[in-house]
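These notes are about the structure you will find just below.
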Amino acid sequence: MHSKSIENNIPTVGVLLTAFTRFILPNIASFRKNFGRGGALLTEFNSSQKPDREHFIQRNRIVAGISPATIVVETAFGGGSISTVGFANDYNREVYAVPGRLTDKYSQGCNLIISQNKAASIASIKSLVKDLKLKEPKEKIGELFTSSEPYFQLTESQKEIYHIIKENPLISLDEISEKLETPTFKILPILLEMEILGCVKTYSGRQFQVTQ
Numbered sequence: 004m005h006s007k008s009i010e011n012n013i014p015t016v017g018v019l020l021t022a023f024t025r026f027i028l029p030n031i032a033s034f035r036k037n038f039g040r041g042g043a044l045l046t047e048f049n050s051s052q053k054p055d056r057e058h059f060i061q062r063n064r065i066v067a068g069i070s071p072a073t074i075v076v077e078t079a080f081g082g083g084s085i086s087t088v089g090f091a092n093d094y095n096r097e098v099y100a101v102p103g104r105l106t107d108k109y110s111q112g113c114n115l116i117i118s119q120n121k122a123a124s125i126a127s128i129k130s131l132v133k134d135l136k137l138k139e140p141k142e143k144i145g146e147l148f149t150s151s152e153p154y155f156q157l158t159e160s161q162k163e164i165y166h167i168i169k170e171n172p173l174i175s176l177d178e179i180s181e182k183l184e185t186p187t188f189k190i191l192p193i194l195l196e197m198e199i200l201g202c203v204k205t206y207s208g209r210q211f212q213v214t215q
């Protein structure tokens, strides 16, 4: 899918399992070819962190967060895509899966999430395009979210933090923690989700400000 997007000049976004330096430098030729015409790379890992299998789950969280819809083509029971589906469901994103034969190992995960109502079954490409309301690309690619959309996607805990930040521009993480009477380690994951939604922006010194 990534290769076909590149061939058709459709910008793509890659979420890395490691730091930029560990990925880009060894693969600089591929990087220039695949991302030099648009798109982006994202990571939450710094150069001191080595690749780890646990990073797959962390990566999948971001993939689900930035994607308007998650489409699972193949996955076995317990496959990595299952965690992405879980995150996407939590974020109220659209989730689709391609059904397959019951005896096909890599269709069993798809059949399971469809049966559990965690994903809608894809009957045809035409129906998928209609469901997602896909349109012909415009000259300028718009933002992922409209200016008013992010707020209405927030959970109650996210809204509480949003209001605190809105009333106190460039408030620090410690100050948010103090106002909520909640440890910072519980607030940080929520703030990351809000950043992905485009509701808040982080500044140096772990200060935060709403984007609208």
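When the sequence shown is numbered by my numbering, its final residue is 215 and no position is left out of the sequence of numbers. All residues carry an ideal CB built from backbone N, CA and C; glycine is no exception. For clarity, every value in this text was computed on a predicted model and none was experimentally measured.
Item, Value
"Proximity below 8 angstroms, CB of Ala100 to CB of Ile85", "no"
"Reduced DSSP category for Val67 - H, G, I as helix; E, B as strand; rest coil", "Inspection of the sequence shows that residue 67 is occupied by Ala rather than by Val. Note: Ala67 maps to helix in three-state DSSP."
"Leu195 (DSSP reduced to helix, strand or coil)", "helix"
"Leu195 versus Val132 - alpha carbon distance", "30 angstroms"
"Residue burial classification, Ala122 (beta-carbon count within 10 angstroms, cutoff 16)", "buried"
"Any 3 or more C-beta pairs closer than 8 angstroms across the stretch 40-57 and the stretch 166-185", "no"
"Where Gly145 falls, given that 16 or more other Cβ within 10 Å makes a residue buried", "Note on Gly145: pLDDT 45, under 50, position unreliable in the model; the coordinate value appears next. Looking at its Cβ environment, which holds fewer than 16 other Cβ atoms inside 10 Å, Gly145 is exposed."
"Beta-carbon spacing of Thr185, Asp177 below 8 angstroms", "no"
"Leu20 in three-state terms, based on DSSP", "coil"
"Residue range of the unbroken alpha helix (DSSP H) whose run includes Val219", "Residue 219 falls outside the range modelled here, since the chain spans only 4 to 215, and no answer is possible."
"Closest residue to Thr158 among Asp55, Asn92 and Glu57 (Cα-Cα distance)", "Asn92"
"Local Cβ density within 10 Å of Arg64, reported as buried at 16 or more and exposed below that", "buried"
"Sequence-distant residues of its chain with Cβ nearer than 8 angstroms to Ile125 (five each side left out)", "Ile74, Tyr99, Ala100, Val101, Pro102 and Leu131"
"Residue of Thr87, Thr78 and Val88 minimising C-alpha distance to Thr106", "Thr78"
"Pick from Asn120, Gly82 and Lys136 that is closest to Gly112, judged by C-alpha positions", "Gly82"
"Start and end residues, beta strand (DSSP E) containing Ile74", "Ala72 to Val75"
"Environment of Phe80 [buried if 16+ CB atoms lie within 10 Å]", "exposed"
"6 angstroms CB neighbourhood of Leu20 in its chain, flanking five on each side removed", "Pro54, His58 and Arg62"
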